[in-house]
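S.K.:
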Amino acid sequence: MKRRELIAAIAASTVLSSPSVLRAEQLFRLALTPVFLDNDAVVIARLRDALSEGMGRDIDLVQRRTYQEITGALLDGSVDAAWVCGYPFLQHRAQLNLLGVPVWRGQPRYQSYLIASVADMAASLEDLRGGMHAFSDPDSNSGFLVTASDLARMGETPDTYFARTIFTWGHRNVVRAVAGGLVRSGSVDGYVWETLAEVEPDLVARTRIVAKSEWLGFPPFAARTDRMADADVSSLQNALLSMDQTDAGRAALDLLFLDEIAEPDIRLFDGIASRMSVLEQAG
Amino acid sequence: MRHGTINRIPITLRVALAVGILMIVLGMVASQQVLRSLSRLHDDRLREIARLHVEGLSVALGPLVLHKDVWEVYDTLDRARVASDGQRMLFTVVADDRNRVLAATDPLRAPVDSDATPFSENASDLSGLTASGNAPQVRVRAPLLVAGRIVGQIVSEIDVGDLVAERQRITLYLLLANAGATSLLVFAGYFLVARMLKPVTLLAQHMDNAGGAPSRIPESEIPKSDTELARLLRTFNTMMGAIDARTEAERRLAERERFVSLGRLSSSLAHEINNPLGGLLNTVDTIRTYASRPEVVQKSVDLLERGLVHLKDVSQAILEENRLDRAGLPLQPMDFDDLKLLFEPEAAQKGQRLEWDVRADTDNLSYLPAAPVRQIILNLLLNASAAAPEGGNISLSVQSSDNDSVELTITDDGMGLSTQDLDRLMSSAPVAPGGGVGLRLVHDLVGGLGGHILHTTGAGRTSLAVILPKGKTA
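Chains as they are written, first to last, in our numbering: chain P, 380 to 662; chain Y, 945 to 1418.
(1) Just to confirm the assignment, what range does the beta strand (DSSP E) spanning residue 476 of chain P have?
(2) Just the Cα atoms here: how many angstroms apart are residue 1276 of chain Y and residue 1222 of chain Y?
(3) Assign residue 1386 of chain Y to one of three DSSP states: helix, strand, or coil.
(4) Using a C-beta to C-beta distance shorter than 7 Å, which residues of chain Y count as neighbours of residue 500 of chain P?
(5) Taking Cβ to Cβ, would you say residue 1395 of chain Y is nearer than 8 Å to residue 1411 of chain Y?
(6) Tell me whether residue 504 of chain P sits in a helix, a strand or coil according to DSSP, three-state version.
(7) Name the chain Y residues that come within less than 8 Å of residue 556 of chain P, Cβ to Cβ?
(8) Name the DSSP bridge partner or partners of residue 591 of chain P?
(9) Decide yes or no for the touch test of the segment 1052-1071 of chain Y against the segment 965-981 of chain Y: beta carbon pairs closer than 8 Å, at least 3 of them.
(10) Mind the definition here: the segment 550-566 of chain P touches the segment 487-497 of chain P only if three or more C-beta pairs lie below 8 Å; say whether that holds.
(11) Would you list the residues sitting across from residue 1039 of chain Y in a DSSP beta bridge?
(12) Let me see if you follow: with CB-CB separation under 8 Å, is residue 1051 of chain Y close to chain P or not?
(13) Report, in whole angstroms, the separation of the C-beta atoms of residue 1137 of chain Y and residue 960 of chain Y, which I expect to be a contact under 8 Å.
(14) Can you confirm whether residue 403 of chain P, when its beta carbon is compared against all beta carbons of chain Y, has any partner nearer than 8 Å?
(15) Mind pulling the chain Y residues with CB within less than 8 Å of residue 543 of chain P?
(16) Starting from the C-beta of residue 1279 of chain Y, find all residues in its chain whose C-beta is less than 7 Å away, skip the five residues before and the five after it, and write them out in chain order.
(17) With H, G and I counted as helix, E and B as strand and the rest as coil, what does DSSP make of residue 558 of chain P?
(18) Please classify residue 1000 of chain Y as buried or exposed, where buried requires at least 16 neighbouring CB atoms within 10 angstroms.
(19) With DSSP run on the structure shown, which of helix, strand or coil describes residue 445 of chain P?
(20) Does the distance from the CB of residue 1014 of chain Y to the CB of residue 1046 of chain Y come in under 8 Å?
(21) Thinking C-alpha only, which one of P/423, P/635, P/452, P/492 is nearest residue 589 of chain P?
(22) With DSSP run on the structure shown, which of helix, strand or coil describes residue 953 of chain Y?
(23) For residue 402 of chain P, which three-state DSSP category applies?
(24) Given a threshold of 16 other Cβ atoms within 10 Å of its Cβ, counted over all protein chains shown, does residue 507 of chain P qualify as buried or as exposed?
(25) Would you give the residue range spanned by the alpha helix (DSSP H) that residue 1143 of chain Y belongs to?
(26) What do you get for residue 514 of chain P, buried or exposed, if any count of 16 or more other CB atoms within 10 angstroms of its CB means buried?
(27) So residue 522 of chain P and residue 568 of chain P are supposed to be a Cβ contact under 8 Å. How far apart are they, rounded?
(28) So residue 647 of chain P packs on residue 488 of chain P, CB below 8 Å; how close in whole Å?
(29) What are the start and end residues of the beta strand (DSSP E) that includes residue 600 of chain P?
(30) Under 9 Å, CB to CB, which of the residues in the segment 547-573 of chain P have a partner in chain Y?
(31) Would you call the segment 637-654 of chain P in contact with the segment 619-626 of chain P, where contact means no fewer than 3 C-beta pairs closer than 8 Å?
(32) Is residue 517 of chain P helix, strand or coil by DSSP?
(33) Using a 10 Å radius around the Cβ and a threshold of 16 neighbouring Cβ atoms, would you call residue 1163 of chain Y buried or exposed?
(34) For residue 565 of chain P, which beta-bridge partners are listed by DSSP?
(35) Spell out whether any CB of chain P is found under 8 Å from the CB atom of residue 1022 of chain Y.
(36) Looking at chain Y, which residues of the segment 503-533 of chain P have a Cβ within less than 9 Å of any of its Cβ atoms?
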């Protein structure tokens, strides 16, 4: 923060006669959760192009290793908006507001998949006891909360139920861990798994779905409540909601295998909220 | 036995073989050196590859292992594996400080939390890494250090199949090249040595010609250059000349021997002629005195005739002995009569008694040539007469035994033969200086007829039996 102010101050003192340059230095920053696209430079570039065009200014897409870092950056103002998971959004419901929810295969919902190696005969979570399990992120709904809450209903915790659990800090990594045989099972974002099945069929073919969760709210775009009135944030929301109407937006959505970004509805996340309460009661 | 076999191989072949063996040894030593250098090169390369791999991973993995971060360790290994796909690294396992598996490129082979000892126990350290075995893969282990503290270890399987194959290929090439070079040099050596030793081969051929007798080397076949071999060949020719001269001298000596033995008889033969001459002259006086008495004249003429016939016989025998052109004539009983006539006066002069027992007829004797047999008998008789004392006994017996040989036995009651004389008679060893050549001539003549001599002594008598095979020279 201080460094940015310092850079801004230096810029202001040296290039006072040119305010447009000063604005250009202060990029709009949108943070992205580590979903499947986190390692695909083309997807990132297309998304930035689409949103820059929609907002009429350059934006910076920020990536972090964990969900917690993204949520933290959003809350402390390091970034202006973020594509977050429904779980951390609900955890910080008081400070955050929804900007839009992606629509995937016709609805703004997705499922959490419990996956295992293609050769594994497990038919349900019950069959996976005592094996190693890979979670995506402790702040991920599909990559942790769903399985953890299922176990809580069974009166178990991941650490007691599984021989060992690891966090892979990415849904694609969960698929890699299961496909490579490092772990017996994993909790993964159904949208990421299905998309990977298109993009990296060889990798996904080495895994199979043991169980699917109920349909839950798709990871939304959010901003701090106190920033909702900012012109930049409104501009981003407009750009997001109209993405499917521009060529650049369509190109980005196609790469993301999404239909559009829809107006948000907080009731979409009731499922996640109920799972959170199950975990809290168990804890 | 084996030594003998080797000695029978011609020298040209032996030298070529020696060159071949030396080349094989040299080739093997050289190949060994090449392979050793190659092996060292491979090992250095392998160690460098392994060092880069392990060190690169160690830097990245150290902190992750310290925190026992299974996923990050796996992620690092998996990305390294994908990045080096199809290259040397086949399998890598990372273990913590208790040697428990944290992660491996193939988790199914090395599951998390399992014991890593099976992987690390037969792995080499970086410094001891070698590709010299025939295994297509080697295993290397290295400790993982964080701030100088060992937090775990990394074990990698490295594919050295290409190095092993390369070494095997080079070994094969070396072997083929060596075999080729060796056989080339063996052949070259053979031709070169055969060429260089041609004079020796020539010498060997002439020294041991088909007939077994050495022969002179024609001057045209002697190399023009004045090498030691050319000198050797000329020396050989000179020696051959000397041998021919000696043989000629010996032949002439043997020729003379006939006159020598005759000369030894001359005194007694002169008496033999002189003694009757006195009687004959008396008879002539008687005829002259009693010319008118026909009965006396008739008696005297008979006497005169007998005396002259005897003289004629004696001179005939001497002439016969002396004739040079009898070489081809066969032996006849008459020859023994001649010998008796020649030798009797010699024995008589010494008062020696002569037993004469010839029991072979013309059929048996005619297979033998007359001249050498007469010479043999005369020489042995003279020798016996010289050995026997005054008034001693000498005997000759001629027998035809088994119809395939003739045995001539000369016996005397003298002192026996000296060692030197026996050597002369019985062996071909060089003759000691001094003494006559008579006995050596007998030895040579008997040898020439394919016969042999038996020497026996007993009851004060010395007996020499000459056995001559029939039909050897007729």
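Glycine is no exception: its CB is placed at the ideal position from the N, C-alpha and C atoms.
M.R.: For this structure:
(1) 475-482
(2) Going from the Cα of residue 1276 of chain Y to the Cα of residue 1222 of chain Y covers about 33 Å.
(3) helix
(4) Within 7 Å Cβ-Cβ: nothing; residue 500 of chain P doesn't reach chain Y, min ~16 Å.
(5) yes
(6) helix
(7) The contact set of residue 556 of chain P on chain Y, defined by CB atoms closer than 8 Å, consists of 1015, 1018 in chain order.
(8) P/492
(9) no
(10) A contact exists between the segment 550-566 of chain P and the segment 487-497 of chain P.
(11) Y/1045, Y/1097
(12) yes
(13) 6 Å
(14) With a pLDDT of 46 at residue 403 of chain P, under the threshold of 50, the predicted position of this residue should be treated as unreliable, though the coordinate-derived value follows. False, the Cβ-Cβ gap to chain Y never drops below 8 Å.
(15) 1014, 1056, 1057
(16) 1314, 1318
(17) Here residue 558 of chain P sits in helix by DSSP.
(18) Within a 10 Å sphere around the beta-carbon of residue 1000 of chain Y sit fewer than 16 other beta-carbons, which makes this residue exposed.
(19) coil
(20) yes
(21) P/492
(22) coil
(23) In this prediction, residue 402 of chain P scores a pLDDT of 44, lower than 50, which makes its location untrustworthy; the coordinate-derived value is nonetheless stated afterwards. In this structure, residue 402 of chain P counts as helix in the three-state DSSP scheme.
(24) buried
(25) 1142-1151
(26) buried
(27) Rounded to the nearest angstrom, the Cβ distance from residue 522 of chain P to residue 568 of chain P is 6 Å, consistent with a contact under 8 Å.
(28) That pair is a contact at about 7 Å.
(29) In this chain, the beta strand (DSSP E) harbouring residue 600 of chain P covers 600-603.
(30) Here the close residues are 547, 548, 552, 555, 556, 559, 560, 561, 562.
(31) yes
(32) coil
(33) exposed
(34) Residue 565 of chain P has P/494, P/513 as its beta-bridge partners, per DSSP.
(35) yes
(36) 511, 513
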